[in-house]
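Heads up: the structure comes next, in structure tokens.
There are 2 protein chains.
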Amino acid sequence: MKHGINTPEPPYYSVIFTSQRTDVDDGYVGLNDAVYMKASMLDGFLGMESFRDENGYGASITYWKTLEDIDGWSKNMLHQGAKELGKKKFYEHYKVRICKVEKDYEFNLENENG
Amino acid sequence: MKHGINTPEPPYYSVIFTSQRTDVDDGYVGLNDAVYMKASMLDGFLGMESFRDENGYGASITYWKTLEDIDGWSKNMLHQGAKELGKKKFYEHYKVRICKVEKDYEFNLENENG
């Protein structure tokens, strides 16, 4: 999974998806990959970062240009089908937070030493 | 690390801190724990979730009532000292995104079956 996303100057938007997985693995990785590949092809997609720990708790953060782009993703057919399957099989719990990124800054060690 | 934070109705704020660790472990875990224990005692702290994968890439997401609370955390002395140490020893790269959570929703499997 790609990390360390280059996003444009704020404001832009993020969707923080945190989840606790069930122990059902049947098709999960393939479905997850397909959903995020689809997301990356949609208008306004800026990037994503994804994490899951050894206890099945994870976060996927996607970045988008506008709230309308997030709405478009939310209504995407593949995404909607995946959500239904996710509720039936893959997730004990999830929470979605839709956020406006108001400010950002970063640090790169190589720039410090350069 | 605690997960699955109960936050109040939006709007509230989040700080998404993503980072790539160096391979220096000397004191990192203790410092990190101390910083987040301090954060949890500050005005407006609502919770935090933290993830790190096997390649040293991670995210810590903290939730706060207001932007002023985030500013207070940013100016905390322990936090400032930790940031300096982090740049010298612990991080190849980090990015901080300050966000307004505008909307949220969740799913709990036990409620579905209840």
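Those protein sequences? They're chains V and L, same order as listed. So for the first sequence, our numbering puts the first residue at 1; every next one is plus one. So for the second sequence, our numbering puts the first residue at 115; every next one is plus one. Glycine included, C-beta positions come from ideal geometry on N, C-alpha and C.
Enumerate in chain order the residues of its own chain whose CB-to-CB distance from residue i is below 6 Å, with the five nearest sequence positions on each side excluded.
i, result
"residue 1 of chain V", "Reliability of the predicted coordinates at residue 1 of chain V is poor, the pLDDT of 45 falling under 50, and the value obtained from them is presented with this limitation in mind. Cβ neighbours of residue 1 of chain V beyond the five flanking positions: 50."
"residue 84 of chain V", "none"
What first and last residue would you give for the alpha helix (DSSP H) that runs through residue i?
i, result
"residue 33 of chain V", "28–40"
"residue 224 of chain L", "223–226"
"residue 5 of chain V", "Here residue 5 of chain V belongs to no alpha helix (DSSP H), and DSSP marks it neither H nor E."
"residue 68 of chain V", "67–75"
Can you find the residues in the same chain that come closer than 8 Å, C-beta to C-beta, to residue i, ignoring five residues on each side of it along the sequence?
i, result
"residue 42 of chain V", "69, 72, 73, 76"
"residue 226 of chain L", "none"
"residue 35 of chain V", "78, 79, 82"
So with CB distances below 7 Å, who are the chain L contacts of residue i?
i, result
"residue 58 of chain V", "165"
Which same chain residues, not among the five before or five after residue i, have their C-beta less than 7 Å away from its C-beta?
i, result
"residue 60 of chain V", "17, 48, 50"
"residue 10 of chain V", "101, 102, 103, 104"
"residue 67 of chain V", "13"
"residue 222 of chain L", "none"
Reducing DSSP to helix, strand and coil, say where residue i ends up.
i, result
"residue 218 of chain L", "strand"
"residue 61 of chain V", "strand"
"residue 47 of chain V", "strand"
Mind pulling the chain L residues with CB within less than 8 Å of residue i?
i, result
"residue 28 of chain V", "None at all; the shortest Cβ gap to chain L is about 15 Å."
"residue 103 of chain V", "211, 212"
"residue 14 of chain V", "130, 211, 213"
Can you check DSSP and say which residues form a bridge with residue i?
i, result
"residue 132 of chain L", "L:173, L:209"
Taking C-beta pairs closer than 7 Å, name the residues in chain V that residue i reaches, listed in chain order.
i, result
"residue 221 of chain L", "87, 91, 93, 94"
What residues from chain V crowd round residue i, counting only those whose CB sits closer than 8 Å?
i, result
"residue 226 of chain L", "87"
"residue 154 of chain L", "The premise fails here: residue 154 of chain L is roughly 18 Å from chain V at the closest Cβ pair, so nothing lies under 8 Å."
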